[in-house]
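Each remark here refers to the structure printed beneath this line.
Protein chains: 2
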Amino acid sequence: MNSLRAKSESRFLRACRREPVDCTPVWFMRQAGRYMPEYRAIRAKHSLLEICSQPDLAAEVTLQPVRALGVDAAILFADILLPLIPMGINLEFAAGEGPVIHNPIRTPAGVAALRPVEPCDSLGHVLETVRLVRRELDGKTPLIGFAGAPFTLASYIIEGGASRNYLKTKQMMYADPHTWHTLMGKLARVVADYLVAQVEAGAQAVQLFDSWVGCLSPDDYREYVLPHSQLIFRELSATGVPAIHFGTDTATLLPLLKEAGGEVIGLDWRTPLDWGWRALGFDVAVQGNLDPVALFAPRAELERRVRAILEQAGGRLGHIFNLGHGILPETPVANVKAAVEMAHESR
Amino acid sequence: MNSLRAKSESRFLRACRREPVDCTPVWFMRQAGRYMPEYRAIRAKHSLLEICSQPDLAAEVTLQPVRALGVDAAILFADILLPLIPMGINLEFAAGEGPVIHNPIRTPAGVAALRPVEPCDSLGHVLETVRLVRRELDGKTPLIGFAGAPFTLASYIIEGGASRNYLKTKQMMYADPHTWHTLMGKLARVVADYLVAQVEAGAQAVQLFDSWVGCLSPDDYREYVLPHSQLIFRELSATGVPAIHFGTDTATLLPLLKEAGGEVIGLDWRTPLDWGWRALGFDVAVQGNLDPVALFAPRAELERRVRAILEQAGGRLGHIFNLGHGILPETPVANVKAAVEMAHESR
Numbered sequence: 001m002n003s004l005r006a007k008s009e010s011r012f013l014r015a016c017r018r019e020p021v022d023c024t025p026v027w028f029m030r031q032a033g034r035y036m037p038e039y040r041a042i043r044a045k046h047s048l049l050e051i052c053s054q055p056d057l058a059a060e061v062t063l064q065p066v067r068a069l070g071v072d073a074a075i076l077f078a079d080i081l082l083p084l085i086p087m088g089i090n091l092e093f094a095a096g097e098g099p100v101i102h103n104p105i106r107t108p109a110g111v112a113a114l115r116p117v118e119p120c121d122s123l124g125h126v127l128e129t130v131r132l133v134r135r136e137l138d139g140k141t142p143l144i145g146f147a148g149a150p151f152t153l154a155s156y157i158i159e160g161g162a163s164r165n166y167l168k169t170k171q172m173m174y175a176d177p178h179t180w181h182t183l184m185g186k187l188a189r190v191v192a193d194y195l196v197a198q199v200e201a202g203a204q205a206v207q208l209f210d211s212w213v214g215c216l217s218p219d220d221y222r223e224y225v226l227p228h229s230q231l232i233f234r235e236l237s238a239t240g241v242p243a244i245h246f247g248t249d250t251a252t253l254l255p256l257l258k259e260a261g262g263e264v265i266g267l268d269w270r271t272p273l274d275w276g277w278r279a280l281g282f283d284v285a286v287q288g289n290l291d292p293v294a295l296f297a298p299r300a301e302l303e304r305r306v307r308a309i310l311e312q313a314g315g316r317l318g319h320i321f322n323l324g325h326g327i328l329p330e331t332p333v334a335n336v337k338a339a340v341e342m343a344h345e346s347r
Numbered sequence: 001m002n003s004l005r006a007k008s009e010s011r012f013l014r015a016c017r018r019e020p021v022d023c024t025p026v027w028f029m030r031q032a033g034r035y036m037p038e039y040r041a042i043r044a045k046h047s048l049l050e051i052c053s054q055p056d057l058a059a060e061v062t063l064q065p066v067r068a069l070g071v072d073a074a075i076l077f078a079d080i081l082l083p084l085i086p087m088g089i090n091l092e093f094a095a096g097e098g099p100v101i102h103n104p105i106r107t108p109a110g111v112a113a114l115r116p117v118e119p120c121d122s123l124g125h126v127l128e129t130v131r132l133v134r135r136e137l138d139g140k141t142p143l144i145g146f147a148g149a150p151f152t153l154a155s156y157i158i159e160g161g162a163s164r165n166y167l168k169t170k171q172m173m174y175a176d177p178h179t180w181h182t183l184m185g186k187l188a189r190v191v192a193d194y195l196v197a198q199v200e201a202g203a204q205a206v207q208l209f210d211s212w213v214g215c216l217s218p219d220d221y222r223e224y225v226l227p228h229s230q231l232i233f234r235e236l237s238a239t240g241v242p243a244i245h246f247g248t249d250t251a252t253l254l255p256l257l258k259e260a261g262g263e264v265i266g267l268d269w270r271t272p273l274d275w276g277w278r279a280l281g282f283d284v285a286v287q288g289n290l291d292p293v294a295l296f297a298p299r300a301e302l303e304r305r306v307r308a309i310l311e312q313a314g315g316r317l318g319h320i321f322n323l324g325h326g327i328l329p330e331t332p333v334a335n336v337k338a339a340v341e342m343a344h345e346s347r
């Protein structure tokens, strides 16, 4: 963990490559969001889709947590469902309800009608946000781009929103694998192009969010998901920037997530960091894995939990401190800031 | 798997004790329920709480799947939240919304006010259902009693209903462990007495449903849950009937669930049966673990999935075929029946 040289570079990017760092790098999933008063001030005047589609607003929101928290990376402010809009999905963020898709896709004809996407045209506002943020950050803090993974996007498209049992998603898998693979192939194509475009616009790392893939058994993951996520990571590796592969509930999927790709695998809090890293093998970096609810705990309890994770990492090269999932809306900002400092004391 | 002698006894109870069976026993969580037309006919005239509180109705609903499906065990029709009512919880099943608790408990005073429960008095209707069902089954098919585990019950009491992040539940754990343990101790006392009373009324096995415990890390399980569930299994083992310990999302918790207790550990579909059994050790029986959505698949695909589970069980003594969670409301009855036959072909 000791390298004077590391101090002048990005400890986040060094950790992604499992190189020595001066202390454990930290960022948080959903570090820009409703828990921050600066964000709520902008959100009071603009809808989520407005913020995402106006690069100056999206860039400002991306930068807020970098200024306020001292995190070691910025992550693009956007929504994983944005690339679905140019594909032909009629998406709405209903107040307090999460995303609603008014035209869920459940038939071969529906899948066939989904349009290909040219990111530079129809997602140009996101790429412009990447460029604005990079200019603003001026090389000091790296910027992470991201996208939703094909499975997680497919689950929204098919269910029409968030889901508890993924009934219709799995029904398509099991009853009509051809249509399923066609849909996944289309999504993988869009996501790969979108992420590569983000890298070309300046993203210095990317994260693929397969947030809900943990509802699958390993056999189903291998058959219905792995080849599609693998295509994305294969195309990303040609760009040279590190890729983070994240999901929740993935304890039994870890070797397959690694096989699909990514220089860094994200772990949720159900998987103890040392258990998960051993299951993956130490030839890959890991990211995680504080329970987002721990940020609501009294300070001493929060500190005990941050320290436990650092101890499980055991000073190995390639640990990025993060939560096991996104920051929750009511999280106290002071605790988020304190967690950054605690992780940084790990030198 | 070959014992002529086993045929004349209950293959379900024999499998719980890891004794030879003539073929793999089968039952399904939520095998009595909305997917069955016979159940919907009764539900059209009575609320869920009415059915639970009238022993003749509850017994009838308990027996419906035994008659219709040929399963190897009946499970008492009841709701895991019933014992909360005499404790002082104001519970309602709102249409299509799941349970709503109008007086969620989040303070030391609220926990202190929860009343102890004498099952023979305030849950006498459930015990009467057990007696009625036993009389009806006449020794041919064993009856499983059940209760919710302290953690899962606590999560409903504290959140006021179902939850996604268990924010308030974990907040009590982390910020006020004394109140948490007081609540869990009270729940464990009620659940232990309730299950022992079910056994005394005639239940020949019991299942403890810790359905939502998989939202915890192993460290949190050990500290905040294990001692309370352990008390229940300790008192159950004095009764001599086998106990099944079930949860979902438990891949990293399995050794701790076994430590807490149970002759049989339930696995969900995220955990391959052979992986899970190895993690537990083969000195305990296992139950599971078909994805409930597989019951919606075309027949050949369903058969492939049932066979895969039987192959993972590998003919070891102590496998009870079941789903990884409860039957979903729209499940086709014919597929449930077919799955029973497929599992029985495993001799």
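Each protein sequence line maps, in turn, to chains L and Z.
Under my numbering, the first residue of the first sequence carries the number 1, and numbering increases by one thereafter.
Under my numbering, the first residue of the second sequence carries the number 1, and numbering increases by one thereafter.
Note that beta-carbon positions come from the ideal geometry of N, C-alpha and C, so glycine has one too.
Legend entry - Residues in the stretch 293–308 of chain L having any Cβ partner in chain Z nearer than 9 angstroms: Those residues of the stretch 293–308 of chain L that come within reach of chain Z (Cβ to Cβ, closer than 9 angstroms) are Val293, Ala294, Phe296, Ala297, Pro298, Glu301, Leu302, Arg305, Ala308.
Inset, instruction - Give a yes or no on whether 9 angstroms exceeds the smallest Cβ distance from Asn2/L to chain Z. - result: On the first sequence, residue 2/L is found 2 positions in, with the first residue counted as 1. Model confidence at Asn2/L stands at a pLDDT of 40, short of 50, so the residue's coordinates are unreliable; what they give is reported in the following sentence. Judged by the 9 angstroms Cβ criterion, Asn2/L is not in contact with chain Z.
Inset, instruction - Step through the CB atoms of chain L and report whether any lies within less than 9 angstroms of the CB of Gly266/Z. - result: As a position in the second sequence, residue 266/Z is number 266, starting the count at 1. Answer no: the Cβ-Cβ gap between Gly266/Z and chain L never drops below 9 angstroms.
Inset, instruction - Measure the C-alpha to C-alpha separation of Ala175/L and Ala300/Z and round it to an integer number of angstroms. - result: Within the first sequence, the letter at position 175 stands for residue 175/L. Within the second sequence, the letter at position 300 stands for residue 300/Z. So the alpha carbons of these two residues sit roughly 10 angstroms apart.
Inset, instruction - Would you kindly report the start and end of the unbroken beta strand (DSSP E) that includes His319/L? - result: Within the first sequence, numbered from 1, the residue matching residue 319/L stands at position 319. Start and end: 319–323.
Legend entry - Beta-bridge pairing of Ser246/Z - partner residues as DSSP gives them: Here the question's residue 246/Z lines up with position 246 in the second sequence. Inspection of the sequence shows that residue 246/Z is occupied by Phe rather than by Ser. The beta-bridge partner set that DSSP reports for Phe246/Z consists of Phe209/Z, Gly266/Z.
Inset, instruction - Compare the C-beta of Lys170/Z with all C-beta atoms of chain L and state if any pair is closer than 9 angstroms. - result: Reading the second sequence from its first residue, position 170 is the one you call residue 170/Z. Cβ-Cβ to chain L under 9 angstroms: yes for Lys170/Z.
Legend entry - Cβ-based neighbour list, Ala251/Z, same chain, cut-off 7 angstroms, excluding 5 preceding and 5 following: The residue given as residue 251/Z occupies position 251 in the second sequence. Excluding positions up to five away in sequence, the list reads Arg270, Thr271.
Inset, instruction - Quick one: measure Cβ to Cβ for His319/Z and Asp268/Z, integer angstroms, because I've assumed they're closer than 8 angstroms. - result: Counting from one through the second sequence, the residue named residue 319/Z turns up at place 319. Counting from one through the second sequence, the residue named residue 268/Z turns up at place 268. About 15 angstroms separates the Cβ atoms of His319/Z and Asp268/Z, ruling out a contact at the 8 angstroms cut-off.
Inset, instruction - Could you tell me the boundaries of the beta strand (DSSP E) in which Phe48/Z lies? - result: Residue 48/Z sits at position 48 when you count from the first residue of the second sequence. Here the sequence assigns Leu to residue 48/Z, which means Phe is not the residue at that position. No beta strand (DSSP E) contains Leu48/Z, which is instead part of the alpha helix (DSSP H) from 48–53.
Inset, instruction - For Leu254/L, name the three-state secondary structure that DSSP assigns. - result: Counting from 1 along the first sequence, the entry for residue 254/L is found at position 254. Helix.
Legend entry - Endpoints, beta strand (DSSP E) assigned at Glu92/L: The residue given as residue 92/L occupies position 92 in the first sequence. Segment 91–94, the beta strand (DSSP E) holding Glu92/L.
Legend entry - Chain-ordered chain L contacts of Asp249/Z [CB-CB under 7 angstroms]: Along the second sequence, one-based indexing puts residue 249/Z at 249. Listed along chain L are Asp249, Arg270, each with a C-beta nearer than 7 angstroms to that of Asp249/Z.
Legend entry - Backbone CA spacing between Arg40/Z and Phe28/Z [nearest angstrom]: The residue labelled residue 40/Z in the question sits at position 40 within the second sequence. The residue labelled residue 28/Z in the question sits at position 28 within the second sequence. Here the alpha carbon of Arg40/Z sits roughly 18 angstroms from the alpha carbon of Phe28/Z.
Inset, instruction - Give every residue of the same chain whose Cβ lies closer than 7 angstroms to the Cβ of Ser8/Z, excluding the five residues on either side of it in the sequence, and list them in chain order. - result: Walking along the second sequence from the start, residue 8/Z turns up at place 8. Note on Ser8/Z: pLDDT 48, under 50, position unreliable in the model; no value is reported.
Inset, instruction - Less than 8 angstroms between the CB atoms is what I'm expecting for Ile80/Z and Leu153/Z, so what's the real figure, rounded? - result: Within the second sequence, the letter at position 80 stands for residue 80/Z. Within the second sequence, the letter at position 153 stands for residue 153/Z. Between Leu153/Z and Ile80/Z the Cβ distance is about 7 angstroms, and since that is below 8 angstroms, they are a contact.
Legend entry - Cβ pair Val225/L, Asp210/L closer than 9 angstroms: For the purposes of this step, residue 225/L is identified with residue 225 of the first sequence, where counting begins at 1. For the purposes of this step, residue 210/L is identified with residue 210 of the first sequence, where counting begins at 1. In contact: Val225/L and Asp210/L (Cβ atoms closer than 9 angstroms).
Legend entry - Identified DSSP bridge partners for Val286/L: Sequence index remark: in the first sequence, residue 286/L carries index 286 (1-based). Paired residues: Ile265/L, His319/L.
Inset, instruction - With Ile158/L as the anchor, note down where its beta strand (DSSP E) starts and where it stops. - result: Numbered from 1 along the first sequence, position 158 holds the residue referred to as residue 158/L. First-last for Ile158/L: 150–159, but that is the alpha helix (DSSP H), not the beta strand (DSSP E).
Legend entry - Cutoff 7 angstroms; reference Pro104/Z; Cβ partners in own chain excluding five residues on either side: Position 104 of the second sequence, counting from 1, holds the residue named residue 104/Z. Correct list, in chain order: Ile157, Ile158, Glu159, Gly160.
Inset, instruction - Say whether the stretch 205–222 of chain Z touches the stretch 132–150 of chain Z, bearing in mind that this needs 3 or more beta-carbon pairs closer than 8 angstroms, one atom from each stretch. - result: Contact between the stretch 205–222 of chain Z and the stretch 132–150 of chain Z is present, because at least three Cβ pairs lie under 8 angstroms.
Legend entry - Option in Lys45/Z, Val196/Z, Ala197/Z, Thr169/Z with minimal Cα separation from Met184/Z: The count along the second sequence starts at 1 and reaches residue 184/Z at position 184. Here the closest residue by C-alpha is Thr169/Z.
Inset, instruction - Could you check what DSSP says for Leu302/L in three-state terms: helix, strand or coil? - result: In the first sequence, the residue the question calls residue 302/L occupies position 302. Assigned with DSSP and collapsed to three states, Leu302/L falls in helix.
Inset, instruction - Quick one: grab the DSSP three-state call for Met1/Z. - result: Translated into the one-based positions of the second sequence, residue 1/Z becomes position 1. With a pLDDT of 39 at Met1/Z, under the threshold of 50, the modelled position of that residue is not reliable, and the figure given next carries that caveat. Coil.
Inset, instruction - List the residues of chain Z that Trp349/L touches, going by C-beta distances under 8 angstroms, in chain order. - result: Because chain L in this structure spans residues 1 to 347, residue 349/L falls outside the shown range and cannot be described.
Inset, instruction - On a CA-only basis, which of Glu50/L, Ile101/L, Glu311/L, Glu38/L is nearest Gly288/L? Give me that one, please. - result: Your numbering for residue 288/L matches position 288 in the first sequence. Considering only alpha carbons, the answer is Glu311/L.
Inset, instruction - Kindly indicate the opening and closing residues of the beta strand (DSSP E) around Val100/Z. - result: The sequence position of residue 100/Z within the second sequence is 100, counting from 1. DSSP places Val100/Z in the uninterrupted beta strand (DSSP E) bounded by 98–101.
Inset, instruction - Assign Val190/L to one of three DSSP states: helix, strand, or coil. - result: The count along the first sequence starts at 1 and reaches residue 190/L at position 190. The answer is helix: DSSP assigns Val190/L an H, G or I state.
Inset, instruction - Would you kindly work out how many angstroms separate the C-alpha atoms of Pro332/L and Tyr35/L, rounded to a whole number? - result: Within the first sequence, numbered from 1, the residue matching residue 332/L stands at position 332. Within the first sequence, numbered from 1, the residue matching residue 35/L stands at position 35. A direct Cα-Cα distance of roughly 7 angstroms separates Pro332/L from Tyr35/L.
Inset, instruction - Compare the C-beta of Ala175/L against all C-beta atoms of chain Z and say whether one is closer than 9 angstroms. - result: Here residue 175/L corresponds to residue number 175 of the first sequence, with the count starting at 1. For Ala175/L, the answer is yes, since a Cβ of chain Z falls inside 9 angstroms of its Cβ.
Inset, instruction - Could you tell me which chain Z residues have their CB closer than 9 angstroms to the CB of Asn165/L, listed as they occur along the chain? - result: Working through the first sequence from its first residue, we reach residue 165/L at position 165. Neighbours of Asn165/L on chain Z, chain order: Pro292, Val293, His325, Leu328.
Inset, instruction - Using a threshold of 9 angstroms, state whether the C-beta atoms of Phe321/Z and Val133/Z are closer than that. - result: Position 321 of the second sequence, counted from the first residue, corresponds to residue 321/Z. Position 133 of the second sequence, counted from the first residue, corresponds to residue 133/Z. Their beta carbons are not under 9 angstroms apart, which means Phe321/Z does not touch Val133/Z by this criterion.
Inset, instruction - Determine the DSSP secondary structure at Leu183/L, reduced to helix, strand or coil. - result: Here residue 183/L is taken as the residue at index 183 of the first sequence, counted from 1. Note: Leu183/L maps to helix in three-state DSSP.
Inset, instruction - Reducing DSSP to helix, strand and coil, say where Ala147/L ends up. - result: In the first sequence, the residue the question calls residue 147/L occupies position 147. It is a strand residue.
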